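Under my numbering, residues 68 to 588 are what the sequence shown spells out, in order. Below is one structure, written out as structure tokens; comments come after it.
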Amino acid sequence: MSGVLNLVSVGPGFGDLIVPRAIAALRDSNVIVAYELYLRWISSHIEGKEIHTPPLTQERERALLAIDKARSGEKVALISSGDIGIYAMAALAFDEMKEDDDYQVNVIPGVTSANACASLLGSPLSHDFATLSLSNLLCPWEWIENRARHIAQADLACVLYNVQSAGRQEGVYRILKLMLESKAPHTLCGVVKNAYRPGQEVSIHRLDELPSLQFDMLTSIVIGNRFTQRKRGYIFTPRGYNDWHDESVVAAEEPALPSQAVWVFAGTSDGNALAKQLAAQGHQVVVSTATEYGGELALQDCPGVTVWAGRQGVEARKQALLRHEARVLVDATHPYATLMSQQLMGLSQSLGVPYLRYERPSAIADIANHALVCDSMEQAAEQAIARGERIFLATGSKDLATFLQAPGADRKQWFVRVTAEPEFIQRAIDLGIPRSRICAMQGPFSQGFNEALWRDWNIDCVVTKDSGDAGGYRAKADAAKALNIPLLTVRRPALDYPVQAGNLDEALAQVERWQKESQRA
């Protein structure tokens, strides 16, 4: 008598998400082979059957057991959660089959982890997407990183499986770093734990917020693409990309850029001042900014330059620099934009283009008697929670989650100041900041303004970055001193810059030297 091997998918965890064909296969089988956890949501369909439950780590043993039973003439159901053909048991079963086996094989599809997680988030996988397992038990890690790099460069939406385990803690953060090299930091993402199982957790984040989170093997990460949007607490990726002049796309389009120019990566007032001086001296200058608003300020402040506004990935920058034969890369980004600085240093090396870091001087030493210096955002969060009840964050929007998700944060009242960009305001709201505690304005701000705002809000602790005088740091420090409230200052990250200038004259002189050397060559 010929046996039957049913390769049965039983979905993410709820009985009502098992397809009818799978239920029929379970009822028709007299032998069940499964990891014990899966029996919880199929128990009503397998009463009175012969059941085998080898442990989670014995996947091949489970496949061999099911095949042996089918060879002996039994009707066997080999069970997998999700879809048995996707990162699951079907491939192992086919791997162990022999060409001369005569038992019947039926593969019954199911709801995958990607489908389940996407449904809880909204509709983030509505266009092209990829899935990537971060488990290196069956795949070399360098292959995983290579695939992640190509997914990011193609800006595909993707789902990360097997995100983090007890013995594999750092891999996911390496993959997220690769994603950030090519995907915009504001790319919308979802983190789903225990999809359609007890203990289900669903949250939405920006891509650049994910590295600060902890995950586990029960968590999947869904990463959107440049078109992914937020609506009514969900995220979705539009099916049609026909309107290429939509606002979400315009920022990433490349304008007519000059060749052999000095590229100033700015977004800061001192970066714009440098670009203005370079243009006045006759240099061709391209100013690259992360936001449309930053681009508008650059056009206003820097006559004679070309502006490229919007968050481009590292590959888009590389191709633009190559096509237009960039002469010099000036990194005048914010002192805390370390990822961007690392990317620019990498581009400088790979393209053979000189790199200059132009950074506003620190002001911490000038007010050391009042500033309480912290080495990280995490330390600042701990100190703020210990010292204040009504805490004002002047750290920008990127690090809000570090403070608001720290132990004890729920017992404090938080007030924030962010740039008046809709996405930054929305991020604060999503993290639970009431609208009445959000100040959305473009700085820098005077000492008087800070004093008035903090006095009106009864602020008793302020957290800020060492943004220098150009970033309004001294005005914040003086205001905090006048009100006699603690000022926690997060120290600047330390990077090993190849060439650095701390004032306008030094930066201009260095660019001029490189230009003369280039002309002699």
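Think of the CB as a built atom: it goes at the ideal place given N, C-alpha and C, for glycine as much as any other residue. Since we're looking at a predicted model, the values are computed, not measured.
Per-residue DSSP class, three states only, for residue i
i: residue 312; result: Since pLDDT at residue 312 reaches only 41, below the 50 mark, its modelled position is unreliable, and the value read off the structure follows with that caveat. Three-state DSSP puts residue 312 in coil, outside helix and strand.
i: residue 623; result: Nothing can be reported for residue 623, as the shown portion of the chain is limited to 68 through 588.
i: residue 287; result: strand
i: residue 132; result: helix
i: residue 518; result: helix
i: residue 533; result: coil
i: residue 326; result: coil
i: residue 317; result: Caution is warranted here: a pLDDT of 37 is assigned to residue 317, below 50, making its placement in the model unreliable, and the coordinate value is therefore given only provisionally. In the structure shown, residue 317 sits in a helix (DSSP, three-state: H, G or I).
i: residue 572; result: helix
i: residue 272; result: strand
i: residue 97; result: coil
i: residue 484; result: strand
i: residue 292; result: coil
i: residue 582; result: helix
i: residue 372; result: coil
i: residue 279; result: helix
i: residue 401; result: coil
i: residue 211; result: helix
i: residue 510; result: coil
i: residue 361; result: helix
i: residue 540; result: helix
i: residue 230; result: coil
i: residue 379; result: coil
i: residue 500; result: coil
i: residue 220; result: helix
i: residue 264; result: coil
i: residue 69; result: coil
i: residue 82; result: helix
i: residue 142; result: strand
i: residue 171; result: strand
i: residue 526; result: coil
i: residue 116; result: coil
Residues near residue i in its chain [Cβ-Cβ closer than 7 Å; skip 5 each side]
i: residue 261; result: 267, 268 and 285
i: residue 310; result: The predicted model places residue 310 with a pLDDT of 46, which falls under 50 and marks its position as unreliable, so this point remains unresolved.
i: residue 313; result: A caution first: residue 313 carries a pLDDT of 40, below 50, which makes its placement in the model too unreliable to give a value.
i: residue 512; result: 539 and 542
i: residue 473; result: 448, 449 and 452
i: residue 137; result: 70, 71, 72, 143 and 170
Supposed close pair residue i, residue j - CB separation, criterion 8 Å
i: residue 418; j: residue 388; result: 6 Å
i: residue 410; j: residue 248; result: 6 Å
i: residue 327; j: residue 384; result: Contact flag wrong, Cβ pair sits at about 17 Å.
i: residue 145; j: residue 304; result: The pair is not a contact, with the Cβ atoms about 34 Å apart (cut-off 8 Å).
i: residue 221; j: residue 246; result: Their Cβ separation, rounded to whole angstroms, is 11 Å, which puts residue 221 and residue 246 out of contact at 8 Å.
i: residue 374; j: residue 354; result: 5 Å
i: residue 399; j: residue 335; result: 6 Å
i: residue 482; j: residue 524; result: 5 Å
N-terminal and C-terminal residue of the alpha helix (DSSP H) that residue i is part of
i: residue 162; result: 156-163
i: residue 77; result: Residue 77 -> no alpha helix (DSSP H), and no H or E assigned at all.
i: residue 393; result: Here residue 393 belongs to no alpha helix (DSSP H), and DSSP marks it neither H nor E.
i: residue 470; result: 467-471
i: residue 345; result: 336-347
i: residue 58; result: With the chain running from 68 to 588 in the structure shown, residue 58 is simply not present.
i: residue 242; result: 238-249
Nonlocal neighbours in the same chain, by C-beta distance under 6 Å from residue i, ignoring five residues either side
i: residue 85; result: 77 and 78
i: residue 103; result: 120
i: residue 164; result: none
i: residue 129; result: 100 and 121
i: residue 273; result: 253
i: residue 90; result: 112
i: residue 134; result: 163
i: residue 154; result: 200 and 228
Limits of the unbroken beta strand (DSSP E) element including residue i
i: residue 491; result: Element bounds for residue 491: not the beta strand (DSSP E) but the alpha helix (DSSP H), 489-497.
i: residue 506; result: 505-507
i: residue 256; result: 255-260
i: residue 557; result: 554-557
i: residue 459; result: 457-461
i: residue 198; result: 196-200
i: residue 424; result: 422-425
i: residue 440; result: 438-441
Residues of its chain near residue i, where Cβ-Cβ distance is below 8 Å and the 5 sequence neighbours each way are ignored
i: residue 315; result: Unreliable positioning characterises residue 315 in this predicted model, as indicated by a pLDDT of 39, which lies under 50. A coordinate reading is not provided.
i: residue 346; result: 352, 369, 370, 371 and 372
Closer than 8 Å to chain C by CB, residue i
i: residue 163; result: In summary, chain C is missing from the structure at hand, where a single protein chain is found.
Segment contact, 8 Å Cβ cut-off, at least three pairs: the segment 436-453 with the segment 546-557: Yes, they touch.
Cβ pair count under 8 Å reaching 3, the segment 236-244 against the segment 157-177: Taking one beta carbon from each stretch, the segment 236-244 and the segment 157-177 have fewer than 3 pairs nearer than 8 Å; the two do not touch.
Segment contact flag, the segment 195-214 with the segment 223-232, C-beta cutoff 8 Å, min 3 pairs: Because the criterion of three Cβ pairs below 8 Å is met, the segment 195-214 and the segment 223-232 touch.
Cβ contact (3+ pairs, closer than 8 Å) linking the segment 490-503 and the segment 530-546: They do not touch, by the three-pair rule.
Sufficient close CB pairs (3 or more, under 8 Å) joining the segment 359-369 to the segment 454-461: No, the segment 359-369 is not in contact with the segment 454-461.
Inter-stretch contact at 8 Å, needing at least 3 Cβ pairs: the segment 566-579 / the segment 330-344: As far as the Cβ criterion goes, the segment 566-579 touches the segment 330-344, which means the pair count is three or higher.
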